[in-house]
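> So the sequence lines, in the order shown, correspond to chains A and B. Okay, so the first sequence: first residue is 67 according to the numbering used here, each after it adds one. Okay, so the second sequence: first residue is 67 according to the numbering used here, each after it adds one. For each residue, glycine too, the CB sits at the ideal point set by N, CA and C. Small disclaimer: the values here were computed from a predicted structure and weren't measured. Please read through the structure below; I'll follow up with questions.
Number of protein chains: 2
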Amino acid sequence: MKKFVNDPKNYVAEMLQGLALANPQTLRYVPEYNLIMRADTPSDAKISIVQGSGSGHEPSHVMSVGKGMLDAACPGDVFAAPPTDYVVETIKRVASPKGVLLLVNNYTGDKMAFEMAEEFAEAEGTKVRTLYIDDDVSVQDSTYTVGRRGVAGNFFVMKAVGAAAERGAELDEAVRIGEKVNSVTRTMGMALTPCTPPAKGSPLFELPEDEVEMGVGIHGEPGRRREKLQDADEIVRELLGAVVDDLPYASGDHVALMVNGLGGTPLSELYLLYGLAHRQLGDRGIDIRRSYVGDYCTSLDMAGASITLVRLDDEIAELLNDPAETAIRVF
Amino acid sequence: MKKFVNDPKNYVAEMLQGLALANPQTLRYVPEYNLIMRADTPSDAKISIVQGSGSGHEPSHVMSVGKGMLDAACPGDVFAAPPTDYVVETIKRVASPKGVLLLVNNYTGDKMAFEMAEEFAEAEGTKVRTLYIDDDVSVQDSTYTVGRRGVAGNFFVMKAVGAAAERGAELDEAVRIGEKVNSVTRTMGMALTPCTPPAKGSPLFELPEDEVEMGVGIHGEPGRRREKLQDADEIVRELLGAVVDDLPYASGDHVALMVNGLGGTPLSELYLLYGLAHRQLGDRGIDIRRSYVGDYCTSLDMAGASITLVRLDDEIAELLNDPAETAIRVF
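Structure representation (structure tokens):
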């Protein structure tokens, strides 16, 4: 294993320490509960937004904490759901009288932890709603899910509800917006290489030198099939075809297009993919109004990429356009 | 080779097309001269700033074009200097009556191309100054250089002179500032893995599974030595020690700290490194005032990282704090 790591047991904690040290004005790390929260006092005039998930998907979700995005993130260990009591504590620390919105990517472990945390928090008098994200069109059910997986499209839900919260949206309104964004967002990804969890010390799965995993999950879960490595144009055609046909997106639609890196793919390749996707969408008459290129939801050091489309209406476009202040650039 | 690529000959052009398509309001791609420039009309009230270099280092330099940074970038092919006539054309397109500042990382090929371009431009009546960046402490002379190499610290020179230009600095003043920033900036990097140029199709060099290249160049040039892979703490100690001792940075100094990824290293590992570097600098009494974590100057898909320090005075700190608008987040 070739990684920057000390004791693999401390991988997540040391990453979170680094994140907080790099952003002392805006982020606070609470090691007892492994959580990252905004450094400023939570406002009672605004609903609070929390996301949790396994670590290894950075910048999701710990680097998405900040004004206009999340109020806190409670990550678990690498690819593992956070413990329920950590989620409970996170909710408690940022709870607003207006309520707390929990964002959860649809994985069985995360879902269980957050459902239990929601019950605890409600029993203590906190108003809570939970919103599940399931944008991955690759497979219907998967290794860790009943139903579709939540992947990079999650970014758009965070961004839209984060902006709505800053604008003063009530909890039900934020849920309506988040569900709408999720309902018009679709993603598919593929892996050129496997990823290596620090504690495992070896690749999660094997891929022959000339094969790729089409439709891979962000924990290395199997996708639709393995196939021979093809030209970038062909790869984009396959990913984009699956995404477009699923909603479906139609000629005349206004969309946001994201080309997301899975952690080990350089920006040069992502922009190359973006250009191909942009042209192919143009050929279909689909009108790209917002563009996102970079690492938004990764799978440790996996080389690979995903393509996400969001169908925009005026409300979603405006919320995506609002400012946000996080450790990563978001708009 | 596992990469997102069509015909490797078109790798750079397709990347630049993607970059321009993703930023239609702010960037223009001129395919005849392989250049990326600001989409708005160059202002006569401001000096113009141009940087060129081989491709494969993205976001350097094509993704650093924008208000407050570069007016144009003229990249060559992967790891190759741009042709002189392309540099001449780039200067012509953005030339301001106040003059043009050329930023060049110290490599023999780039230096030759830019020196000739400077002569041509001056012969045509354009006021030009050139500033060389050589922040890499690893080796004195290298495969492609006489003297030290220019690497990730280049970002700080671009940012400072870009901000000074927006504030109305004259050409000589911008050169003074850029030279000052370069003189207080030091970097050292290391590779966990080699990188693979698309046209070559195989790794540029070989590294055994348990070894790293300490002090590697951003074109895969040899560094100081190969050694066994160590804990992240030990790696940071070695990189930071070389950097700190070189200027040297002293207890009480205010600095900017950058942990830069070389293209194949995920954010989680970069933040882990950042945290360790922050603590080690604290132990030395060095005071970190600005933090940068991410991919700023890469070497294609190389897994690895570099550490850069800049000694801040009030002038540099203010210029780094100014806003900038590029395809990547810069502040």
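Count the CB pairs spanning the region 246–266 of chain B and the region 363–375 of chain B that are closer than 8 Å, and state whether there are at least three.
A contact exists between the region 246–266 of chain B and the region 363–375 of chain B.
> Show which residues of chain D have a CB atom less than 9 Å away from the CB atom of Met129 of chain B.
Chain labels in this structure do not include chain D; the protein chains are A and B.
> Span of the alpha helix (DSSP H) holding Lys225 of chain A?
Here the question's residue 225 of chain A lines up with position 159 in the first sequence. Asn220 to Glu232 is the extent of the alpha helix (DSSP H) around Lys225 of chain A.
> At 3 residues or longer, what runs of the beta strand (DSSP E) sit wholly inside the region 272–342 of chain B?
You should have 277–280, 291–294 and 320–327.
> Verify whether the separation of the beta carbon atoms of Met135 of chain A and Ala390 of chain A is less than 7 Å.
The count along the first sequence starts at 1 and reaches residue 135 of chain A at position 69. The count along the first sequence starts at 1 and reaches residue 390 of chain A at position 324. Yes, the Cβ-Cβ distance between Met135 of chain A and Ala390 of chain A is below 7 Å.
> Who does Ile382 of chain B pair with in a DSSP beta bridge?
One-based indexing of the second sequence puts residue 382 of chain B at position 316. Note: Ile382 of chain B sits in no beta bridge, so no partner.
> Using a beta-carbon distance below 7 Å, is Ala88 of chain A in contact with chain B?
The residue given as residue 88 of chain A occupies position 22 in the first sequence. So yes, Ala88 of chain A belongs to the interface.
> To the nearest angstrom, how far is it from the Cα of Ala298 of chain A to the Cα of Glu184 of chain A?
For the purposes of this step, residue 298 of chain A is taken as residue 232 along the first sequence, with counting starting at 1. For the purposes of this step, residue 184 of chain A is taken as residue 118 along the first sequence, with counting starting at 1. Going by the C-alpha atoms only, they are around 43 Å apart.
> Can you confirm whether Ala298 of chain B, when its beta carbon is compared against all beta carbons of chain A, has any partner nearer than 7 Å?
Your numbering for residue 298 of chain B matches position 232 in the second sequence. Closer than 7 Å to some Cβ of chain A, the Cβ of Ala298 of chain B qualifies, so yes.
> Using a cut-off of 7 Å between C-beta atoms, extract the partners of Asn72 of chain B located in chain A.
The count along the second sequence starts at 1 and reaches residue 72 of chain B at position 6. Asp297, Ala298 and Asp299, listed in chain order.
> Given Glu304 of chain B, which residues of its chain have a CB within under 7 Å of its CB, disregarding the five upstream and five downstream residues?
Walking along the second sequence from the start, residue 304 of chain B turns up at place 238. Closer than 7 Å at the Cβ level, and outside the excluded window around Glu304 of chain B, lie Met280.
> Does the CB of Thr262 of chain B have a neighbour CB from chain A at under 7 Å?
Locating residue 262 of chain B in the second sequence gives position 196, counting from the first residue. Cβ-Cβ to chain A under 7 Å: no for Thr262 of chain B.
> Enumerate in chain order the residues of its own chain whose CB-to-CB distance from Tyr173 of chain B is below 6 Å, with the five nearest sequence positions on each side excluded.
On the second sequence, residue 173 of chain B is found 107 positions in, with the first residue counted as 1. Tyr210 and Thr211, listed in sequence order.
> How would you label Phe70 of chain B, buried or exposed, when you count the other beta carbons within 10 angstroms and need 16 or more for buried?
Here the question's residue 70 of chain B lines up with position 4 in the second sequence. Buried is the call here.
> Within 10 Å of its beta-carbon, does Ala146 of chain B have 16 or more other beta-carbons around it, so buried, or fewer, so exposed?
By 1-based counting over the second sequence, the position of residue 146 of chain B is 80. When all chains shown are included, Ala146 of chain B counts as buried.
> Distance, Cα to Cα, Leu85 of chain B vs Ala138 of chain B?
Residue numbering aside, residue 85 of chain B sits at position 19 when the second sequence is read from its first letter. Residue numbering aside, residue 138 of chain B sits at position 72 when the second sequence is read from its first letter. Distance between the alpha carbons of Leu85 of chain B and Ala138 of chain B is about 13 Å.
> Spell out whether any CB of chain A is found under 7 Å from the CB atom of Thr192 of chain B.
The residue given as residue 192 of chain B occupies position 126 in the second sequence. Output row for Thr192 of chain B: interface = no.
> Identify, in the order they occur along the chain, each residue of the same chain with its Cβ nearer than 8 Å to the Cβ of His35 of chain B, setting aside the five sequence neighbours on each side.
With chain B covering 67 to 397 only, the question about residue 35 of chain B has no answer from this structure.
> Unbroken alpha helix (DSSP H) runs of length 4 or more, entirely within the region 92–133 of chain B: which are they?
Counting only runs of 4 or more, we get nothing.
> Suppose the cutoff is 7 Å on Cβ atoms and the five residues either side in sequence are ignored; what does the same chain contact list for Arg290 of chain B look like?
Start at 1 with the first residue of the second sequence, and residue 290 of chain B comes out as number 224. Around Arg290 of chain B: Ser204, Val205, Met280 and Gly281.
> Mapping the DSSP letters down to three states, classify Ala257 of chain A as helix, strand or coil.
Residue 257 of chain A sits at position 191 when you count from the first residue of the first sequence. Three-state result, Ala257 of chain A: strand.
> Grab me the residues of Met324 of chain B's own chain with a C-beta within less than 6 Å of its C-beta, minus the 5 sequence neighbours each way, in chain order.
To locate residue 324 of chain B, count along the second sequence from 1; it is residue 258. These residues qualify, in order along the chain: Tyr358 and Thr374.
> Can you tell me which of B:Lys112, B:Leu306 and B:Glu188 puts its alpha carbon nearest to the alpha carbon of Leu342 of chain B?
Counting from one through the second sequence, the residue named residue 342 of chain B turns up at place 276. Among B:Lys112, B:Leu306 and B:Glu188, the Cα nearest to that of Leu342 of chain B is on B:Leu306.
> Reducing DSSP to helix, strand and coil, say where Arg215 of chain B ends up.
Here residue 215 of chain B is taken as the residue at index 149 of the second sequence, counted from 1. Here Arg215 of chain B sits in coil by DSSP.
> Below 8 Å, how does it come out for the region 269–276 of chain A and the region 232–247 of chain A: are there three or more Cβ pairs, yes or no?
The answer is no - the region 232–247 of chain A does not touch the region 269–276 of chain A, with fewer than three Cβ pairs under 8 Å.
> Using three-state DSSP, classify Tyr77 of chain A as helix, strand or coil.
Taking the first residue of the first sequence as 1, we reach residue 77 of chain A at position 11. Looking at Tyr77 of chain A - three-state DSSP - the assignment turns out to be helix.
> So Ala257 of chain B packs on Gly370 of chain B, CB below 8 Å; how close in whole Å?
As a working note, residue 257 of chain B is residue 191 in the second sequence. As a working note, residue 370 of chain B is residue 304 in the second sequence. About 4 Å separates the two Cβ atoms, so the contact holds.
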